[in-house]
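Undergrad: If you read the sequence shown in numbering that gives the first Met the number 0, its first letter stands for residue 0, the second for the next number, and so on. The beta carbon of each residue, even a glycine, is placed where N, CA and C say it ideally should be. Computed from a prediction, not measured in an experiment: that's the story for all the values here.
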Amino acid sequence: MTGKKLLLTPGPTPIPEEIQEEMAKPIMHHRTPQYREIFAEANKGLKNIFKTSADILTFTSSGTGAMEASVVNTLSKGDKAIVVRGGKFGERFAELCEAYGVGVIAIDMKWGTGPDPKVIEKTLSENKDVKAVFVNLCETSTATVYDIESIGRIVKDTPAILVVDVISGLGSDEFKMDEWHVDITVGGSQKGLMIPPGLAFCAISKKAWDLVSKSTLPKYYLDFKKYKKSVEKDDVPFTPAITLEIGLRKAIAIIEKEGVDNSIKRHTDDAEYLRSELKKMGLEIFSKSPSNAVTAAMVPQGIDGGALIKALKQKGITFAGGQAELKGKIFRIASMGAITRKDLDRGLSALKDVLKELEVKK
Ligand SMILES: *Cc1c(COP(=O)(O)O)cnc(C)c1O
0 MTGKKLLLTP GPTPIPEEIQ EEMAKPIMHH RTPQYREIFA EANKGLKNIF
50 KTSADILTFT SSGTGAMEAS VVNTLSKGDK AIVVRGGKFG ERFAELCEAY
100 GVGVIAIDMK WGTGPDPKVI EKTLSENKDV KAVFVNLCET STATVYDIES
150 IGRIVKDTPA ILVVDVISGL GSDEFKMDEW HVDITVGGSQ KGLMIPPGLA
200 FCAISKKAWD LVSKSTLPKY YLDFKKYKKS VEKDDVPFTP AITLEIGLRK
250 AIAIIEKEGV DNSIKRHTDD AEYLRSELKK MGLEIFSKSP SNAVTAAMVP
300 QGIDGGALIK ALKQKGITFA GGQAELKGKI FRIASMGAIT RKDLDRGLSA
350 LKDVLKELEV KK
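(1) Just the C-alpha distance for GLY113 and VAL293, rounded to the nearest angstrom, thanks.
(2) Whole angstroms are fine: how far does the CA of GLN19 sit from the CA of MET0?
(3) Helix, strand or coil for LYS79, going by three-state DSSP, please let me know.
(4) Give every residue of the same chain whose Cβ lies closer than 8 angstroms to the Cβ of GLY77, excluding the five residues on either side of it in the sequence, and list them in chain order.
(5) Check whether the segment 201–210 touches the segment 14–32, counting contact only when three or more Cβ pairs, one atom from each stretch, lie closer than 8 angstroms.
(6) Please work out which residues of its chain come closer than 8 angstroms, Cβ to Cβ, to GLU97, disregarding the five sequence neighbours upstream and downstream, and give them in chain order.
(7) Taking 7 angstroms as the cut-off, is the beta-carbon of CYS96 closer than that to any non-hydrogen atom of ligand 1?
(8) Around the Cβ of ASP344, are there at least 16 other Cβ atoms within 10 angstroms (buried) or fewer (exposed)?
(9) Does the beta-carbon of LYS190, which I'm using as the reference point, lie nearer than 7 angstroms to any heavy atom of ligand 3?
(10) Using 7 angstroms as the cut-off, classify the Cβ of GLY102 as near or not near the heavy atoms of ligand 1, replying yes or no.
(11) At a cut-off of 7 angstroms, would you count PHE88 as near ligand 1, judging by its Cβ distance to the nearest heavy atom?
(12) Per the contact definition of three or more C-beta pairs closer than 8 angstroms, is the segment 280–287 in contact with the segment 48–62?
(13) Tell me the DSSP secondary structure of SER297 in three-state form.
(14) Determine the DSSP secondary structure at ASP342, reduced to helix, strand or coil.
(15) Looking at the structure shown, is ASP156 part of a helix, part of a strand, or coil, going by DSSP?
(16) Throw me the rounded Cβ distance for the SER167 and GLY86 pair, which I believe falls under 8 angstroms.
(17) Return the residue from the list GLY187, LEU123 and LYS205 that minimises the CA-CA distance to ASN135.
(18) I'd like to know whether the C-beta atoms of MET66 and ARG91 end up nearer to each other than 8 angstroms.
(19) Between the C-alpha atoms of GLY327 and THR339, what's the straight-line distance to the nearest angstrom?
(20) Looking at LEU161 and ASP177, is the spacing between their C-beta atoms short of 8 angstroms?
(21) At what residues does the alpha helix (DSSP H) containing LEU198 begin and finish?
(22) Count the C-beta pairs between the segment 225–243 and the segment 191–207 that are closer than 8 angstroms, then say yes if the count reaches three, no if not.
(23) Using three-state DSSP, classify ALA105 as helix, strand or coil.
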């Protein structure tokens with residue numbers, strides 16, 4: 000094994016040293032002016048990155064906690080929701096709705112493709128009682144980015160709210176919450192935001208707050224109203240993940256120093272580079288609408304996908320495999336967050352070696 004271990008997985012992602020150092024400092028108490036200042040600064044930064052003036056609520060959970068919060072705070076038993084289902088994370092929204100007795104109208108796509116906004120428009124016009132549309136910005140399991148801007152244009156003229164899970168895409172794929180008429184943005188800490196897992200976010204539009212006031216699904220820890228009341232005073236209803244919040248403030252300072260749009264541009268260039276290098280190696284890109292956060296390539300014929308990932312791990316490089324129906328068929332390389340061009344080059348070079356080794360063996 001040469002050099003340090005390198006995570007090129009779509010969450011968790013590598014954490015810059017300056018953030019690790021910040022998080023290694025002694026713990027502080029959260030009911031203090033010092034903590035409230037950190038929290039307020041982090042929230043202001045998140046608004047910049049989400050491109051919204053909406054309130055942002057922070058939960059101590061993995062990303063799925065905020066996905067669940069977006070369901071239980073807006074809907075009531077027997078409500079109907081449209082769920083765009085093009086991979087594992089679309090499926091998760093559907094499972095969450097079903098767990099709470101919400102009727103799911105699924106828009107299923109071939110994995111690796113994005114939803115046709117016209118299909119969403121038609122489904123909404125045929126189901127006027129739909130309360131919410133759930134969709135991902137980047138469907139991480141297929142490395143596919145969805146056209147949220149077009150979907151937002153459609154949903155905004157209906158009574159339904161648009162809920163977008165940006166957990167993996169944020170910071171890599173373009174996203175503009177307010178301009179694109181998104182009502183709830185769901186985020187998480189361990190991907191583009193470059194900090195460890197454990198924080199999750201919901202940004203909430205006025206249209207969504209109206210629905211929140213009518214929702215009767217059970218909730219306690221994830222109750223938006225509790226967090227809203229606190230956040231107005233730069234406070235939190237329960238003990239926050241203090242250390243992660245301190246890390247988040249640092250991460251935001253790093254992103255703001257580069258500039259949110261510059262950061263997205265860099266990730267766009269890096270992902271294009273990654274795709275073109277993979278193609279030069281004779282590999283096929285899996286997604287028809289590839290994300291800038293993570294790239295999926297087809298495992299070449301005759302090569303065992305599991306063995307490929309394992310051989311890379313022995314060289315200190317972690318790629319992600321395929322999930323569910325894509326297991327063994329694709330491998331995924333993340334380029335989100337703090338992952339650099341140099342990291343990608345290291346991953347690509349190891350991949351070249353491993354493919355050669357496996358070709359010889361077969
Ligand atoms: C990682 C991810 C999540 C959240 O998963 P957790 O394991 O709960 O953090 C949700 N949606 C997408 C698109 C993701 O990539």
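TA: Taking the structure as given:
(1) Here residue 113 refers to the residue found at position 114 when the sequence shown is read from its first residue. Here residue 293 refers to the residue found at position 294 when the sequence shown is read from its first residue. Cα to Cα, GLY113 sits roughly 15 angstroms from VAL293.
(2) By 1-based counting over the sequence shown, the position of residue 0 is 1. By 1-based counting over the sequence shown, the position of residue 19 is 20. With a pLDDT of only 48 at MET0, under the threshold of 50, the placement of this residue in the model should not be trusted; the figure read from the coordinates follows. MET0 and GLN19: Cα-Cα distance of roughly 24 angstroms.
(3) Translated into positions along the sequence shown, residue 79 becomes position 80. In this structure, LYS79 counts as strand in the three-state DSSP scheme.
(4) If you number the sequence shown from 1, residue 77 lands on position 78. Same-chain partners within the cutoff: GLY100, VAL101 and GLY102.
(5) no
(6) The residue labelled residue 97 in the question sits at position 98 within the sequence shown. Contacts found: VAL103.
(7) Locating residue 96 in the sequence shown gives position 97, where the first residue counts as 1. No, the Cβ of CYS96 stays beyond 7 angstroms of every heavy atom of ligand 1.
(8) For the purposes of this step, residue 344 is identified with residue 345 of the sequence shown, where counting begins at 1. When all chains shown are included, ASP344 counts as exposed.
(9) With respect to small molecules bound, the structure shown includes ligand 1 and not ligand 3.
(10) Here the question's residue 102 lines up with position 103 in the sequence shown. No, the Cβ of GLY102 stays beyond 7 angstroms of every heavy atom of ligand 1.
(11) What you label residue 88 is simply residue 89 of the sequence shown in a count that begins at 1. PHE88 Cβ: within cutoff of ligand 1.
(12) no
(13) Along the sequence shown, one-based indexing puts residue 297 at 298. Per the sequence shown, residue 297 should be read as Met rather than Ser. The answer is strand: DSSP assigns MET297 an E or B state.
(14) Counting from 1 along the sequence shown, the entry for residue 342 is found at position 343. Here ASP342 sits in helix by DSSP.
(15) Mapped onto the sequence shown, residue 156 falls at position 157. ASP156 carries a coil assignment under DSSP once its states are collapsed to helix, strand and coil.
(16) Working through the sequence shown from its first residue, we reach residue 167 at position 168. Working through the sequence shown from its first residue, we reach residue 86 at position 87. That belief does not hold up - the Cβ atoms of SER167 and GLY86 are roughly 11 angstroms apart, past 8 angstroms.
(17) As a position in the sequence shown, residue 135 is number 136, starting the count at 1. Minimum Cα distance to ASN135 is reached at GLY187.
(18) Here residue 66 refers to the residue found at position 67 when the sequence shown is read from its first residue. Here residue 91 refers to the residue found at position 92 when the sequence shown is read from its first residue. It is a contact, given that the beta carbons lie within the stated cut-off.
(19) Numbered from its first residue, the sequence shown carries residue 327 at position 328. Numbered from its first residue, the sequence shown carries residue 339 at position 340. Approximately 26 angstroms, taken between the alpha carbons.
(20) Taking the first residue of the sequence shown as 1, we reach residue 177 at position 178. Taking the first residue of the sequence shown as 1, we reach residue 161 at position 162. No, the Cβ-Cβ distance between ASP177 and LEU161 is not below 8 angstroms.
(21) Taking the first residue of the sequence shown as position 1, residue 198 is located at position 199. Run containing LEU198: none in the alpha helix (DSSP H); it sits in the beta strand (DSSP E), 198–203.
(22) Between the segment 225–243 and the segment 191–207, the count of C-beta pairs closer than 8 angstroms reaches three or more; the two stretches touch.
(23) As a first step, residue 105 is located in the sequence shown; it is residue number 106 there, counting from the start. ALA105 falls in the strand class under three-state DSSP.
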